[in-house]
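In what follows, a structure is listed as structure tokens, so that the remarks can point back to it.
Residue numbers (my numbering), protein chains in the order written: chain A, 520 to 633; chain B, 2 to 228.
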């Protein structure tokens, strides 16, 4: 599925700059708030769901070449983190809902772990 | 722990510098400082702060006023929830003889809504020393929770837990090489005193300790586990 479908279906708020999200393919999903686990667990071109909003998330997403980070429970990252995401070309999306709900909705859309 | 017993135990082990660092709390620091008066033991007021990333960091100060300032900020960032004594235990505030003063009703075990970046800035601006604690541990350790130590946060030191040596720790986490590393006991009981950090300093102040950590102005420190 593409990232635009996910944004529309889950009513996600885009924190970074606009892009052609129809052309960004999402192949898998991963959820954790421990960045050491994400570094070994998340797959390239996947979407990562977390409520961690520390700026280290950008480096981790960049390292793994993730399609997007969905930050849950409205845990708004600071401006520097958003700027860093724009610099690195990382897509940041925000939801008011908890991780459980976002993962459930993605699963219903047909997204799987690997 | 009872203040006079903390002082007595530290002295009997030949330790002359300790800090009181309750979790998100500072209420018992003054009692231990008071209990140590005239004993030769220096007690630094401090706090073990849990930031929103669920990372524990040790915040150390010279004065209770500085610690009070931090406490005010932390209080404003803690959720308005009550402690559950049955599950989480008591949160007593005691005087210098260990007599009960009051129960802290507020839930302290949780995270303050402060990022580690912000907390580091606040403590530094207050003149304190901010040390990420037990960085090797999966629970509440900075490496586990953030994947790596944010390079723009210039920590004076990192603390490792008592269960491994510095060499072993660097072997497991090569990224901590180059940081000043100390090892403390995370002392929750009188028998836990580790006393592994030796500071060669003029007097027990935050500035002197910072100099020793960076080994400048002829100050230095060494970590040596006692057998």
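Note that the Cβ used here is the ideal one computed from N, Cα and C, for glycine as well.
Determine the extent of the alpha helix (DSSP H) in which residue i is found, giving its start and end residues.
i	result
residue 93 of chain B	Residue 93 of chain B -> not in any alpha helix (DSSP H); beta strand (DSSP E) instead, spanning 93 to 95.
residue 620 of chain A	618 to 627
residue 120 of chain B	117 to 126
residue 57 of chain B	It is not in any alpha helix (DSSP H) - residue 57 of chain B instead sits in the beta strand (DSSP E) that spans 57 to 61.
residue 88 of chain B	86 to 89
residue 66 of chain B	65 to 78
residue 146 of chain B	143 to 147
CB residue i to CB residue j, shorter than 8 Å?
i	j	result
residue 145 of chain B	residue 555 of chain A	yes
residue 574 of chain A	residue 609 of chain A	no
residue 639 of chain A	residue 548 of chain A	Limits of chain A in this structure are 520 at one end and 633 at the other, which puts residue 639 of chain A out of reach.
residue 109 of chain B	residue 83 of chain B	no
residue 622 of chain A	residue 586 of chain A	no
residue 42 of chain B	residue 95 of chain B	no
residue 591 of chain A	residue 559 of chain A	no
residue 183 of chain B	residue 158 of chain B	yes
residue 52 of chain B	residue 116 of chain B	yes
residue 104 of chain B	residue 121 of chain B	no
residue 132 of chain B	residue 160 of chain B	yes
residue 114 of chain B	residue 73 of chain B	no
residue 543 of chain A	residue 528 of chain A	no
residue 61 of chain B	residue 205 of chain B	no
residue 46 of chain B	residue 58 of chain B	no
residue 180 of chain B	residue 199 of chain B	no
residue 589 of chain A	residue 614 of chain A	yes
residue 163 of chain B	residue 137 of chain B	no
residue 4 of chain B	residue 90 of chain B	no
residue 212 of chain B	residue 220 of chain B	yes
residue 494 of chain A	residue 533 of chain A	With chain A covering only 520 through 633, there is no way to say anything about residue 494 of chain A.
residue 48 of chain B	residue 65 of chain B	no
residue 16 of chain B	residue 44 of chain B	no
residue 191 of chain B	residue 10 of chain B	yes
residue 207 of chain B	residue 63 of chain B	yes
residue 97 of chain B	residue 30 of chain B	no
Could you pull the DSSP bridge partners for residue i from this structure?
i	result
residue 160 of chain B	B/183
residue 542 of chain A	In the DSSP output, where bridge partners are listed per residue, residue 542 of chain A has none listed.
residue 521 of chain A	A/544
residue 532 of chain A	A/613
residue 24 of chain B	B/49
residue 188 of chain B	Per DSSP, none; premise fails for residue 188 of chain B.
residue 18 of chain B	B/43
residue 83 of chain B	B/107
In chain B, which residues lie with their C-beta within 7 Å of the C-beta of residue i?
i	result
residue 465 of chain A	Within the shown structure, residues of chain A are numbered from 520 to 633, placing residue 465 of chain A beyond reach of any answer.
residue 579 of chain A	148
In this structure, how does DSSP classify residue i when only helix, strand and coil are distinguished?
i	result
residue 167 of chain B	helix
residue 201 of chain B	strand
residue 560 of chain A	helix
residue 594 of chain A	coil
residue 138 of chain B	coil
residue 587 of chain A	strand
residue 224 of chain B	strand
residue 30 of chain B	helix
residue 104 of chain B	strand
residue 7 of chain B	helix
residue 582 of chain A	helix
residue 212 of chain B	helix
residue 603 of chain A	helix
residue 576 of chain A	helix
residue 207 of chain B	helix
residue 175 of chain B	helix
residue 153 of chain B	coil
residue 113 of chain B	coil
Which residues bound the beta strand (DSSP E) around residue i?
i	result
residue 550 of chain A	547 to 550
residue 50 of chain B	43 to 51
residue 130 of chain B	130 to 133
residue 568 of chain A	565 to 569
Interface residues of chain A around residue i at Cβ under 8 Å?
i	result
residue 54 of chain B	571, 573
List, in order along the chain, the chain A residues whose C-beta lies closer than 9 Å to that of residue i?
i	result
residue 116 of chain B	572, 573, 574, 597
Can you pull the chain B neighbours of residue i, defined as C-beta to C-beta under 8 Å?
i	result
residue 558 of chain A	148
What does residue i reach in chain D if we use C-beta pairs closer than 8 Å?
i	result
residue 151 of chain B	The structure shown contains no chain D; its protein chains are A and B.
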